[in-house]
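Structure first, then comments.
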Amino acid sequence: MHMEEYLELTLMTLNTLSEQAGKPINRSAYLASLMQASTQGYLFEYRNHQQLLGYFTVEHMQQQRWFIPILVVHPKHRTRKVFASLLAQFIQFIEAKQATTIVSHAFKSNTLYIKFHKRLGFKVIRENQIAFEFQLDITEAIKKTWCCFYSQGIHSHG
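For the sequence shown, the positions run 7 to 164 when this note's numbering is used.
Here you go:
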């Protein structure tokens with residue numbers, strides 16, 4: 007697995023937002039994080055004809071609480087098929103790990119990603135000058151909401 011490919015997609019999608027927020031992407035730390043996620047089986051992706059179009063990683067926090075450090079989808083491929091595939095992998099992971107809580111962060115300038123979080127049922131639990139911290143308590147009602155995403159278009163950040 008070539009981690010540079012993930013880094014390239016991330017830079018294409020999030021570099022400007024990260025720099026505007028005053029938090030430029032640290033390439034070496036980012037690659038180390040990707041390698042660790044991959045080694046642990048916590049890196050999930052979607053490809054079409056070998057091209058990486060989207061991916062996300064998860065980190066275990068405590069008990070059944072998990073963190074999503076990154077979710078990236080190629081700006082030209084934000085389609086229902088890509089999001090449905092990533093969401094299906096996420097749901098399978100949640101079920102397998104019996105996760106009860108998911109935490110994620112979003113820069114305030116990343117309006118598409120914020121809308122995506124809200125559409126999935128995440129709630130803002132903290133914020134600072136540049137970002138929101140989201141939390142989602144996994145319930146059967148939340149899972150049913152997610153199933154609707156398979157029949158509707160999903161639009162999100164990169």
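Ideal Cβ positions, reconstructed from N, Cα and C, are used throughout, including at glycine.
Extent of the continuous beta strand (DSSP E) to which residue i belongs
i   : result
Y61 : Q57 to Q68
Y52 : L49 to N54
Three-way DSSP call (helix, strand, coil) for residue i in this model
i    : result
H163 : Reliability of the predicted coordinates at H163 is poor, the pLDDT of 41 falling under 50, and no value is obtained from them.
N32  : coil
L142 : strand
Delimiting residues of the alpha helix (DSSP H) encompassing residue i
i    : result
A147 : E146 to C153
Y12  : M9 to Q26
Contact check, residue i vs residue j, beta carbons under 8 angstroms
i    : j    : result
V88  : G127 : no
I108 : I131 : no
L92  : F50  : yes
S115 : Q26  : yes
I100 : A112 : no
W152 : I74  : no
Y52  : E65  : no
- Query: Which runs of the beta strand (DSSP E) spanning at least 3 residues fall entirely within the segment 71-134, listed in chain order?
  - Reply: With a minimum length of 3 residues, the continuous beta strand (DSSP E) runs that stay inside the segment 71-134 are 71-79, 107-113 and 129-133.
- Task: Check whether the segment 13-22 touches the segment 68-79, counting contact only when three or more Cβ pairs, one atom from each stretch, lie closer than 8 angstroms.
- Result: yes
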